[in-house]
Amino acid sequence: MEYDDIGRGPEVAEAVREFIKETVLPVEREWLGRGPVPPAEIEALRDAARDRGIYAPQVDEAYGGLGLGFREMLPVFEETGRSLLGPTALRCAAPDEGNMHTLEIAATDDQKERWLRPLAAGEIDSGFAMTEPMQGGGSDPKMLRTTAEKDGDEWVIDGHKWWTTGGLDADVLLTFARTDQEAHPYAGCSVILVPADTDGVEIVREIPHLGEGLVGTSHAEIRFDEVRVPVENTLGEVNEGFSLVQQRLGPARLTHCMRYAGMADRALDIATAYLSERKGFGEPLSEKQGPRFRIADRRTELHAARTMVRHAAGRIADGHEARIEVAMAKTFAANVVQEAIDDALQFCGGNGIAYDLPIARFHENVRQFRIIDGADEVHRRSIARHAFEDPPMEELEAVTRFGEFD
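Using my numbering, count along the sequence shown one by one with no gaps and you end on 391.
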């Protein structure tokens, strides 16, 4: 399907597609069912991406990337998502991709040199410590309970985080905390850069979780016990954390959509190839109307999801918040890609649940997308609130009501 992608996006996307096919997929096939892929293999893939001039497509050129604009990089991210290793190989996987974006838009020059440059180079890793266990901040971020109190020129942070993606191996944690206890959380929270080796930062555990094991992504539970960091580690303005987090989450939700769209696209490719070769009841399964129509439906829905994402991305690129457009795109895409991958697995039968093909890993991985970056229900709540905020009551003028007579 052709889209009106702009600038260098289509050219880089084509180069990434070839790189995934020629370099990444052979490594994926070698490690399917055995992962995680060793760090040396990941670094070799990154070196190969650098050699091809496609490494870190979303990062500013000053920090070692290609400097693609947000609208440009969407088709590139879609191509990386065709393999579970693709985003990691190109240094555009979550959470580091979103964290680098946050550093680019809010960090001081010193903060960029200390954290963004090595993060973009793959020399360090990061985590985004926002979500808290039950009765703390989660789908309702106003419930945030982690605090940061000023003591001279230091923050003293106390709190409890979990589902900090990449937290087990992170060198720096972008930590969301309440910095004004008297203010509403929307006006009293900040993002603070906390080196993971700071005294008082305790990795309680790696949370066992559903998901792919090919790249070994961790989700950490973390305790902050009187953690002291300089106030100069504040990312952006003090007490403006909610605004900064929204600037991070909107684009991150869309880049997630594109990576998962690439995954669903490849799953459907595999399914159509399998249906074309597999025979049953006297003919290839691809000749049966049932699977043909279901593939047609999944392709239609995936096209709609990719179009919605591009529309929302265009709104963001034009300077709009696009909160509702992003919520719609994310919710729709999350459900579309899950259904596409589930159908692909079903059509491949026993081969679908085996690790000889990547679909089983896709299936394990995709279920989280309806929860991460905002659960479906949270986004639907926002969409519904927008839909009902100003109903056109004049449309009901002709309705007869009880006790009304001409």
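Note that beta-carbon positions come from the ideal geometry of N, C-alpha and C, so glycine has one too.
For clarity, every value in this text was computed on a predicted model and none was experimentally measured.
Query	Result
For F4, three-class secondary structure by DSSP	helix
Residue closest to T132, alpha-carbon to alpha-carbon, out of I142, P11, L199	I142
G152 versus S111: straight-line alpha-carbon distance, rounded	7 Å
Counterpart residues of C174 in DSSP-defined beta bridges	R163, E225
Three-state class that DSSP yields for A314 in the structure shown	helix
Backbone CA spacing between G20 and E167 [nearest angstrom]	48 Å
Residue(s) in a DSSP beta bridge with P180	V157
Nearest-angstrom Cα separation, counted from V214 out to L88	17 Å
Per-residue DSSP class, three states only, for T202	coil
Boundaries (first-last residue) of the alpha helix (DSSP H) holding I90	81 to 91
Cross-strand partners of L220 (DSSP beta bridge)	V176
Euclidean distance between Cα positions of F373 and A312	16 Å
Three-state class that DSSP yields for G337 in the structure shown	helix
Stretch pair the stretch 289 to 298 + the stretch 231 to 242: three plus CB contacts closer than 8 Å	yes
Unbroken beta strand (DSSP E) run spanning D32, endpoints	Note, D32: premise wrong, no beta strand (DSSP E); alpha helix (DSSP H) at 24 to 36.
Given 8 Å, three or more beta-carbon pairs between the stretch 44 to 64 and the stretch 97 to 108	yes
Integer Cβ distance of D358 from K315, believed to fall under 8 Å	7 Å
Own chain residues within Cβ distance below 7 Å of I90, not counting five before or after	Q232
E64 vs G(-8) beta-carbon contact at 7 Å	no
Anticipated Cβ contact below 8 Å, G226 with S271, distance rounded	With 8 Å as the limit, G226 and S271 do not qualify as a contact, their Cβ atoms being about 52 Å apart.
Alpha-carbon to alpha-carbon, W148 and E130	Looking at the sequence shown, residue 130 is not Glu but Arg. Between R130 and W148, the C-alpha separation is close to 15 Å.
Where A105 sits in the DSSP three-state scheme	helix
Pick from A155, G49, F55, R67 that is closest to T8, judged by C-alpha positions	R67
Same chain, Cβ closer than 7 Å to I301, five either side skipped, listed in chain order	F55, G235, P236, A307
Cβ distance (whole Å) where A74 is taken to contact I27 below 8 Å	7 Å
L69 to E217 span [Cα, whole Å]	37 Å
Pick from K127, F278, A106, L195 that is closest to T116, judged by C-alpha positions	K127
Beta carbon of G196 nearer than 7 Å to that of N350	yes
Status (buried if at least 16 other CB within 10 Å, exposed otherwise) for S203	buried
Start-to-end residues for the alpha helix (DSSP H) that takes in R284	274 to 302
Buried versus exposed, by CB contacts within 10 Å (16 or more), F354	buried
With 16 other Cβ atoms within 10 Å as the buried cut-off, status of I280	buried
Rounded straight-line distance, which links the Cα of R370 to that of D361	14 Å
Same chain, Cβ closer than 8 Å to V1, neighbours up to 5 away in sequence not counted	I39, P42, V61, E64, T65, G71, L75
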